[in-house]
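Data first, discussion second: the structure below is written as structure tokens.
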Amino acid sequence: MDTSKLFDLTGKTAIVTGGAAGIGKATALMLAKHGANISIGDFNLDAAKETAKEIEGLGVKAIAVECNVLKDEDLVNLVETTVKELGGVQILINNAGGGGGGRENPSKISVDDIKRDYELNVFSGWRLCQLAVPYMKKSGYGSIVFTTSMSSINKSPNMSGYGGSKAAVNHTVANLAHDFGPEVRINAVGPGATRTAALESVLTPEIEKVMLAHTPIKRLGTADDIAGAMLYFASPISEWVSGQTIFVNGGGEQVLE
Ligand SMILES: NC(=O)c1ccc[n+]([C@@H]2O[C@H](COP(=O)([O-])OP(=O)(O)OC[C@H]3O[C@@H](n4cnc5c(N)ncnc54)[C@H](O)[C@@H]3O)[C@@H](O)[C@H]2O)c1
Numbered sequence: 000m001d002t003s004k005l006f007d008l009t010g011k012t013a014i015v016t017g018g019a020a021g022i023g024k025a026t027a028l029m030l031a032k033h034g035a036n037i038s039i040g041d042f043n044l045d046a047a048k049e050t051a052k053e054i055e056g057l058g059v060k061a062i063a064v065e066c067n068v069l070k071d072e073d074l075v076n077l078v079e080t081t082v083k084e085l086g087g088v089q090i091l092i093n094n095a096g097g098g099g100g101g102r103e104n105p106s107k108i109s110v111d112d113i114k115r116d117y118e119l120n121v122f123s124g125w126r127l128c129q130l131a132v133p134y135m136k137k138s139g140y141g142s143i144v145f146t147t148s149m150s151s152i153n154k155s156p157n158m159s160g161y162g163g164s165k166a167a168v169n170h171t172v173a174n175l176a177h178d179f180g181p182e183v184r185i186n187a188v189g190p191g192a193t194r195t196a197a198l199e200s201v202l203t204p205e206i207e208k209v210m211l212a213h214t215p216i217k218r219l220g221t222a223d224d225i226a227g228a229m230l231y232f233a234s235p236i237s238e239w240v241s242g243q244t245i246f247v248n249g250g251g252e253q254v255l256e
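For what it's worth, numbering that gives the first Met the number 0 labels the leading residue of the sequence shown as 0, then goes sequentially.
Below is the structure:
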């Protein structure tokens with residue numbers, strides 16, 4: 000068996016939402032190092048441009064597209080601009096997301112707050128699939144990866160919107176695999192606590208100690224740890240894998256109790 004092509008993304012184009020920072024940026028760099036051209040869709044255009052410049056330094060093409068994934072016109076523009084400037088799209092990383100953080104006390108938040116979690120974590124990615132899959136089918140290669148979360152399987156107080164919406168991601172992916180095959184595969188990566196700006200803003204040494212109590216690999220995750228799983232799903236090596244969620248979490252749960 001010739002294994003040299005199993006992680007080779009040369010000639011393929013990847014859209015990465017939330018690709019200007021954190022897990023999205025690490026994923027964009029990881030895919031570029033394996034030959035993919037990259038389209039960064041992020042609402043922070045300045046940071047997206049910086050990341051695109053860094054990626055171009057690796058010898059592939061990269062563009063930055065201003066995109067708030069909560070706006071349908073931005074999602075349409077992201078796909079259309081990518082196809083126009085980079086010639087197509089074969090890989091879609093639905094990574095922009097968020098919410099939760101233990102702030103979702105049902106007696107203090109509104110149904111609109113919960114709707115926003117679902118719009119950010121589920122609906123925006125679902126819509127990007129709808130827009131990108133026809134181009135993937137046309138090119139004969141397609142791999143979609145959502146960023147889900149350990150919160151999709153953990154049960155915690157004040158996390159019903161974020162946790163519920165990320166659980167919806169896992170099951171949405173499992174069902175869409177049946178709609179998009181055989182040309183297009185779709186999977187999800189669920190990070191445990193990963194050192195990005197989002198986590199560092201709430202992390203203290205005490206919180207870290209509690210998080211590591213049920214973590215066999217005694218450290219928190221890095222964005223590159225997560226990007227490695229993204230690369231696996233994006234690449235030909237996983238060509239018979241679809242509808243799955245893999246958790247990258249040091250083997251445990253970084254829960255706060
Ligand atoms: N960091 C963790 O511990 C962790 C754990 C589990 C899941 N996740 C998930 O990983 C994903 C990325 O998180 P991160 O920690 O890398 O975050 P981050 O804050 O480090 O980076 C997020 C990036 O997304 C962009 N972004 C945010 N909202 C956007 C929007 N509406 N439209 C377009 N771009 C937007 C930001 O500008 C930024 O570049 C999210 O889906 C998050 O839920 C993170």
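Beta carbons are placed, not taken as given, at the ideal position from N, Cα and C, and that holds for glycine.
Checking 8 Å against the spacing of the C-beta atoms, do residue 151 and residue 169 come in under that value?
Cβ atoms of residue 151 and residue 169: closer than 8 Å.
Practice problem: Scan the region 87-146 and note each continuous alpha helix (DSSP H) run of 4 residues or more that stays entirely inside, going in chain order. | Solution: 110-117 and 123-138
| said: Between residue 118 and residue 69, how many whole angstroms is the CB-CB distance? I'm expecting something under 8 Å. | reply: 6 Å
Enclosing alpha helix (DSSP H) for residue 172 [first to last residue]: 159-179
Subject >> Beta-carbon gap between residue 63 and residue 44 smaller than 8 Å >> reply: yes
Among residues of its own chain, excluding the 5 on either side of residue 233, which ones have a beta-carbon nearer than 7 Å to its beta-carbon? Excluding the 5 residues flanking it on each side, residue 233 has same chain C-beta neighbours closer than 7 Å at 8, 13, 30, 90, 142 and 144, in chain order.
Q. Whole alpha helix (DSSP H) runs in the region 187-216 with 4 or more residues, listed along the chain?
A. 196-199 and 204-211
Query - residue 68: CB within 7 Å of a non-hydrogen atom of ligand 1 - result: yes
- Can you tell me which of the three DSSP states residue 182 falls into? When DSSP states are grouped into helix, strand and coil, residue 182 belongs to the coil group.
- Report yes or no: do the region 15-23 and the region 36-55 share at least 3 C-beta pairs separated by less than 8 Å? yes
Can you tell which of 92, 106, 81 and 177 has its C-alpha closest to the C-alpha of residue 241? 177
### Query
Any idea if residue 253 is buried or exposed, counting beta-carbon neighbours within 10 angstroms, 16 or more meaning buried?
Under this definition residue 253 is a buried residue.
- When you compare only the Cα positions, how much space is there between residue 123 and residue 247? 23 Å
#### Entry: Exposure label - residue 71; buried when at least 16 CB within 10 Å
Its Cβ having fewer than 16 others within 10 Å, residue 71 is exposed.
Report task. With distances taken Cα to Cα, identify the nearest neighbour of residue 99 among 112, 87, 88 and 214. Result -> 112
> Taking just the CA atoms, how far does residue 54 sit from residue 239?
Replying inline: 29 Å
### Task
Pull up the distance between the alpha-carbon of residue 200 and that of residue 221, whole angstroms please.
15 Å
> Considering only C-alpha positions, which residue in the set 226, 116 and 76 is nearest to residue 158?
Replying inline: 116
In whole angstroms, give me the CA-to-CA distance for residue 211 and residue 80.
43 Å
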